[in-house]
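Structure first, commentary second.
2 protein chains.
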Amino acid sequence: MTDSQVDGFQEIDQFFNPKRVALIGASSDYRKLGNSILMNLLTSEVEVFPVTRNRDRVLGVKAYPSLEDLPEPVDLVIIAVAAKYCAGLIAEARKAGARAAVVISGGFSEIGAKGTELEDELVSAAREAGVRIIGPNCVGVSNSRLFNGTFTMMPERGNIALVSQSGALGGMIIYTTRTKRIGISKFASLGNAADVQFSEVIDYLGDDPKTSVVAVYVEGVDQGRTFFKSINDAASRKPVVVLKGGRSEVGGRATLSHTGSIAGSTQLFDGMVRQARCVTAPTLDSLLEICKLFDYQPLPAGRNIGIISNTGGAGVLATDAATELGFHISALEENTRQELRQVLSPMASVENPIDVVASGGRREYRVSTELMLKDSNVDMLLVICGVPTFAGMTQTEHAAGTLEGIRTADEGKPVVGVWLAADVGKPGKDLLEMNRVPCYNDPYMATLCMARVAEYAEMHRSGETT
Amino acid sequence: MTDSQVDGFQEIDQFFNPKRVALIGASSDYRKLGNSILMNLLTSEVEVFPVTRNRDRVLGVKAYPSLEDLPEPVDLVIIAVAAKYCAGLIAEARKAGARAAVVISGGFSEIGAKGTELEDELVSAAREAGVRIIGPNCVGVSNSRLFNGTFTMMPERGNIALVSQSGALGGMIIYTTRTKRIGISKFASLGNAADVQFSEVIDYLGDDPKTSVVAVYVEGVDQGRTFFKSINDAASRKPVVVLKGGRSEVGGRATLSHTGSIAGSTQLFDGMVRQARCVTAPTLDSLLEICKLFDYQPLPAGRNIGIISNTGGAGVLATDAATELGFHISALEENTRQELRQVLSPMASVENPIDVVASGGRREYRVSTELMLKDSNVDMLLVICGVPTFAGMTQTEHAAGTLEGIRTADEGKPVVGVWLAADVGKPGKDLLEMNRVPCYNDPYMATLCMARVAEYAEMHRSGETT
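Residue numbers (numbering that gives the first Met the number 0), protein chains in the order written: chain A, 0 to 465; chain B, 0 to 465.
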């Protein structure tokens, strides 16, 4: 790191690792954002100073009429009051000790000329005072290990950072992390990005030791070159996955009224993401699913995929998807096939894709997993379980067998599960995911995620930074 | 219906509407399929006669040593004993009154020459005795209103029929219906389809008044022309959705060892599905999701789509997906925009896609839904809810508003929901689905399903059978 990078890191770190936080617009009215944010802050591990002129106490906590009245200096100020008051509060924030402010309030450039004027004033005030601003028109910032400075849920704790242009969409993705149990390290919604830019947050997350993968939702970026340089730099240290909104012409128009940014041509954007050696997520659902695979498993050494299934049809569908997405369904070594033949049912297929058939249980999954992983023709393994209840077996047994096989083989090759049958298979799926084998409900989604991971591995195997 | 069609209908109907069922291979050993099938039959509304030489009672029910010993004639015989015994049982089945037999047992043509011989014997025995056979090498048959003659779960009750070449995959899809609460009318797994063909079951389901949509999983068909004629005929009465396994060359090889059939060229197959005025499902996950939309909602009159969202980013992503999939994002009537402007927040967008913004609640969803549906520029409506908790609102309120808007507009146009935030949004999603507004977790999946429905509507608006 150069000195200026260290400074940049510390500047952005103030947003994610504050000790004392003031909230302007703290409210006891459940219809106000300042109420949701305060509830979130009060369940965080930071000291919280609610600021409001209306009451002495809010949600049972002592409140202060203004930043001037705070008993101690603060590191971060969160602002949730009407747009016209925001610029005036920045100098006060600096006096109160903060060099960082999150402006939740909307009513800035996203609403047109009048708002743009207010946004310009806000930025001027920030430059003058030496305060950095995230927002305005955003959902806020959270650090799952420390505090929730947003009006959305605290994310499930983990290693994936999410930075989103759309606050509400970002907030919604955070909600899904609780159901999907996908862990988040840090979340930032940048809104209009009037001061702190995507590139700065991405630079920071690239250096953040608590973050293993960076997920980005972006509609359009003003400073394209800086953005692509940042994702390129971050991608040399960890995977960066980009979901682009506003790909279509009309979608692009919608972003204009949404965050006020102009979405560029899709093809151009996708090409630049690839040139920056990052990968794209084709759909909302796939964004975190791709990140989960990056987070849980090592990178593959090549495109030779092994497939194990107990459901012929699912093996067929996975093979279709893998072939379509550029994988090779490797021919297995003679030795692998012979050993499989000894263990599996006579009805089983010992050619890739392996079908252990419905009678295949814990032992069959263990042996197939181990042998496939040890086979030098297999770079990554897809394990499918479709039938949970034959002969009283459960998908948990199949999952346990898979885990045993991975441990015995100890090859460091990526393994992915497709655990079908929805909630019926959930205990098996949970067992695998708790052991960091990512599981998917659909062979296509699993294969898509593997394709993105293979793509990233290839781009970074080939060497030099572009 | 011609006379021969009536006969065909009655022949297949014996499999789905038996009164008395005998199970050969009934077992009290939980590791045997004959145990799972018996448990399923005993919780059905048919009279069950377990047949086994081993015991007098199985699972507490009187068992018979052979079909000859049954006290009454039966309509259907289910066979789950070793392959070599199956052919010999067919004449006995006929003597016991049955003209229909489901052969669950594997070990026939799917294992090679020796099995093919047994399969030929089985078919000869059936032709000679005048018994129709489903299978062998299959999971069985169920009718959610009457009985479960499979070793998989009883499906959730509903209107979608599923016919699957892969038994295990079909069984797995049935499992997901319980979690997804997608209702099934009848399920048949055809396995090797040695006697009863896809085309016959599809003809039957096309005529079945309890079935509104037919879902087909097929790997390859021996009698292609008959298959496509049947789906074409059925599609003139109700939508038929086809998922094809074995699209890739290697996938095709996998089907050979799986069900012994040869998968044809993908492009050719897809083209023939379209020519038969049916639609394809691109992935396993999408098969029932597409059927759900067909089942719940009317067909659209055109490709003009209206989009409502409270999450700008999700509106942008839905617009992208809709544009990519061939929808027009209609310009709304002047009147619609004016009325929306009066009701929605000044921050809201009243151009399609409408953004009611985070403060939009029950009222805003109600009014937007009503106005959009009444707008003559809108043929179908996509309603997205991404942010559940602003100001204490719940996604249930948004769902309630949407339902009110649909009732007030009363336009008979299809409406689809995208309910984000995973389990947090589940109560709202459930409320919509209980009222037959299908909901999806991802804008892309919702739009994909709408595209298939629009495609079917277009093919059938244009008139004549091809």
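Think of the CB as a built atom: it goes at the ideal place given N, C-alpha and C, for glycine as much as any other residue.
This one's a predicted model, so the numbers in the text were calculated from it and none came from an experiment.
Residue 237/B versus residue 205/B - alpha carbon distance: 7 Å
How long is the line joining the alpha carbons of residue 92/B and residue 129/B, rounded to whole angstroms? 10 Å
Excluding the 5 residues flanking residue 55/A on each side, which residues of the same chain have their C-beta closer than 8 Å to its C-beta? 61, 62
Could you tell me whether the stretch 391-400 of chain B touches the stretch 316-331 of chain B, where touching means 3 or more Cβ pairs closer than 8 Å? no
Which parts of the stretch 60-104 of chain A are runs of the beta strand (DSSP E), unbroken and 3 residues or longer, counting only runs that do not cross its ends? 75-78, 99-102
Give the residues from the stretch 441-463 of chain A that approach chain B closer than 9 Å (Cβ to any Cβ), ordered along the chain. 441, 442, 443, 444
List, in order along the chain, the chain B residues whose C-beta lies closer than 8 Å to that of residue 422/A? Annotation: Cβ neighbours of residue 422/A in chain B (cutoff 8 Å, chain order): 177, 178.
What is the rounded straight-line gap between the Cα of residue 100/A and the Cα of residue 121/A? 11 Å
Chain-ordered neighbours of residue 216/A on chain B, where CB pairs are closer than 8 Å: 312
Counting contacts by CB-CB distance shorter than 8 Å, is residue 364/A in contact with chain B? no
Helix, strand or coil at residue 19/B [DSSP, three-state]: strand
The stretch 15-46 of chain B: positions lying closer than 8 Å to chain A by Cβ: Those residues of the stretch 15-46 of chain B that come within reach of chain A (Cβ to Cβ, closer than 8 Å) are 29, 30, 31, 32, 35.
What residues of chain A sit near residue 284/B, judged by a beta carbon separation below 8 Å? 440, 441, 443, 444
Distance between residue 170/B and residue 212/B (C-alpha atoms, nearest Å): 18 Å
Out of 156/B, 409/B, 35/B, 147/B, which one is the CA nearest neighbour of residue 210/B? 156/B
Contained beta strand (DSSP E) runs [length at least 3] in the stretch 157-186 of chain B, N- to C-terminal order: none
I think residue 415/A touches residue 381/A, with their Cβ atoms under 8 Å apart; what is that distance to the nearest whole Å? 5 Å
Near residue 447/B, what residues of its chain come up, given a Cβ to Cβ distance below 7 Å and the 5 sequence neighbours on each side ignored? 285, 324
If you follow the alpha helix (DSSP H) that residue 267/A is part of, which residue opens it and which one closes it? 265-274
From the DSSP output, read off the bridge partner residues of residue 49/A. 22/A, per the DSSP bridge assignment.
Mind checking which residues open and close the beta strand (DSSP E) that includes residue 380/B? For residue 380/B, the enclosing beta strand (DSSP E) stretches over residues 379-384.
Is the shortest distance between the beta-carbon of residue 9/A and the beta-carbons of chain B less than 8 Å? no
Let me confirm a value: residue 280/B is counted as buried when at least 16 other C-beta atoms fall within 10 Å, else exposed. Which label applies? buried
Nearest-angstrom Cα distance between residue 190/A and residue 175/B? Their Cα atoms are separated by approximately 38 Å.
Return no unless some Cβ of chain B is closer than 8 Å to the Cβ of residue 51/A. Cβ-Cβ to chain B under 8 Å: no for residue 51/A.
Residue 363/A: buried (16+ other C-beta within 10 angstroms of its C-beta) or exposed? By the neighbour-count criterion, in which a residue is buried when 16 or more other Cβ atoms sit within 10 angstroms of its Cβ, residue 363/A is buried.
So which residues of chain A does residue 246/B contact, with C-beta pairs closer than 7 Å? The contact set of residue 246/B on chain A, defined by CB atoms closer than 7 Å, consists of 319 in chain order.
Let's test the definition: count the other Cβ atoms within 10 Å of the Cβ of residue 445/B and tell me whether it reaches 16, buried, or not, exposed. Here residue 445/B is buried: its Cβ has 16 or more other Cβ atoms, across all protein chains shown, within 10 Å.
Segment limits, beta strand (DSSP E) that includes residue 216/A: 212-217
Beta carbons nearer than 7 Å to chain A: which residues of the stretch 133-149 of chain B have them? none
Here's a check: name, in chain order, each residue in its chain whose Cβ is nearer than 6 Å to the Cβ of residue 361/B, leaving out the five neighbours to either side. 396, 399, 400
Excluding sequence positions up to five away, which residues of its chain have a Cβ less than 8 Å from the Cβ of residue 296/B? Here residue 296/B has 413, 414, 415, 435, 436, 437, 452 as same chain residues with Cβ atoms under 8 Å from its own Cβ, once five neighbours each way along the sequence are excluded.
I think residue 200/B touches residue 162/B, with their Cβ atoms under 8 Å apart; what is that distance to the nearest whole Å? 5 Å
Same chain, Cβ closer than 7 Å to residue 442/B, five either side skipped, listed in chain order: 313, 316, 317, 320, 383, 417
How about residue 22/B and residue 38/B: are their beta carbons less than 8 Å apart? no
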